[in-house]
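Per UniProt numbering, the sequence shown starts with residue 1, numbered consecutively.
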Amino acid sequence: MPKDNDGARLAVLIDADNAPAKHLEQLLVEIAKYGTASVRRAYGDWTSTQLNSWKDHLLKHSVQPMQQFSYTTGKNATDSALIIDAMDLLHAGNLDGFCLVTSDSDFTRLAARIREEGLTVYGFGERKTPEPFRAACDTFVYVENLALTKPKAAEEAAKPQLQRDETLDRLLAEAVDAASGDDGWANLGTVGSNLSKLASDFDSRTWGFSKLKDLMQAHPDYQVRSRSAGEGKTPNAYVKHK
1 MPKDNDGARL
11 AVLIDADNAP
21 AKHLEQLLVE
31 IAKYGTASVR
41 RAYGDWTSTQ
51 LNSWKDHLLK
61 HSVQPMQQFS
71 YTTGKNATDS
81 ALIIDAMDLL
91 HAGNLDGFCL
101 VTSDSDFTRL
111 AARIREEGLT
121 VYGFGERKTP
131 EPFRAACDTF
141 VYVENLALTK
151 PKAAEEAAKP
161 QLQRDETLDR
171 LLAEAVDAAS
181 GDDGWANLGT
191 VGSNLSKLAS
201 DFDSRTWGFS
211 KLKDLMQAHP
221 DYQVRSRSAG
231 EGKTPNAYVK
241 HK
């Protein structure tokens, strides 16, 4: 879930060996919800033909390619370069958070170390990303979900059907129960915050819905209603077990 950090200064560090170039534009749009991408760097051996798909995207979106030659077989050189730069940026003290773009669990300790310093870590990777790295981030976003973002009119026309699973049902139940008042109703914003705490990779888009409210309305176990927040203010949404 995005935090209210419009003025946050963020470093976007991309492991180009383990991230798809085709999602870069949507990725930067998503990152803009969390703050300003003050630093934009992508790491890899740019002499390799394997990274050719990245080159036009980097120029278009002002991402600085950081060259790291592959002296030996494997990707450890790229990983090390990214980690060293991240620590330098961390200790410079000019940032509020980091966006680590990778599907590699080797960055799990880096994410944890940044959080130990009180900064926020946003992770972005494919669905194959190992759980330890996802859990080490404050928020983790699957890049496949970014590709599913549609214009509002098209989204409304599609009206996705909710595909139930045990994990989703458990998370929703725990989040709603923790936020429920004496009358059983829970503020949807609080439910969203609880979901982020329960699972860093929770995202309503994983189930085909752009908003948590739409997901809850589609779920047969819950009812959603709005309550007035006062004159001239947007009504608050509340959810309750049926």
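We treat Cβ as the ideally placed atom computed from N, Cα and C, and that holds for glycine.
Residue i versus the options, residue with shortest Cα-Cα distance
{"i": "M216", "options": "N94, R227, P235 and V176", "result": "V176"}
{"i": "D45", "options": "I31, K233, N76 and L24", "result": "N76"}
{"i": "N18", "options": "D165, L172 and F107", "result": "F107"}
{"i": "F140", "options": "T190, S196 and A147", "result": "S196"}
{"i": "H57", "options": "T49, A42 and S48", "result": "A42"}
{"i": "R205", "options": "G181, L168 and R227", "result": "L168"}
{"i": "A143", "options": "N194, L51, Q67 and T102", "result": "Looking at the sequence itself, residue 143 is Val, so the reference to Ala does not match. Residue T102 is the option with its Cα nearest to V143."}
{"i": "E131", "options": "G192, L171, L51 and D104", "result": "D104"}
{"i": "F69", "options": "E126, L51 and A173", "result": "L51"}
Contacts around residue i, its chain only, beta-carbon distance under 6 angstroms, and the 5 residues preceding and following it disregarded
{"i": "G184", "result": "K240"}
{"i": "D138", "result": "T120 and V121"}
{"i": "C99", "result": "L10, V12, I31 and Y122"}
{"i": "G97", "result": "A8, L10, L119 and T120"}
{"i": "G230", "result": "none"}
{"i": "Q67", "result": "W46"}
{"i": "S228", "result": "P235"}
Supposed contact pair residue j and residue i - C-beta distance, whole angstroms, cut 8 angstroms
{"i": "D203", "j": "N145", "result": "5 angstroms"}
{"i": "Q223", "j": "K242", "result": "5 angstroms"}
{"i": "D221", "j": "R134", "result": "Not quite, the Cβ-Cβ distance comes to about 26 angstroms (not below 8 angstroms), so this is no contact."}
{"i": "Q64", "j": "A147", "result": "At roughly 24 angstroms, the Cβ-Cβ gap does not stay under 8 angstroms, so Q64 and A147 are not in contact."}
Delimiting residues of the beta strand (DSSP E) encompassing residue i
{"i": "Q67", "result": "Q64 to Q67"}
Sequence-distant residues of its chain with Cβ nearer than 8 angstroms to residue i (five each side left out)
{"i": "A218", "result": "P160, Q161, L162 and F209"}
Own chain residues within Cβ distance below 7 angstroms of residue i, not counting five before or after
{"i": "S53", "result": "A21"}
{"i": "L28", "result": "A37 and H61"}
{"i": "K213", "result": "L188, V224 and A237"}
Alpha helix (DSSP H) segment containing residue i, residue limits
{"i": "S196", "result": "L188 to L198"}
{"i": "N236", "result": "No alpha helix (DSSP H) holds N236; the beta strand (DSSP E) holding it covers N236 to H241."}
{"i": "D214", "result": "L212 to A218"}
{"i": "L24", "result": "L24 to I31"}
- request: Run through the region 72–105 for me and flag every whole alpha helix (DSSP H) of 4 or more residues, listed as ranges in chain order.
  value: Assignment of alpha helix (DSSP H) within the region 72–105, counting only whole runs of 4 or more residues, yields 76–92 in chain order.
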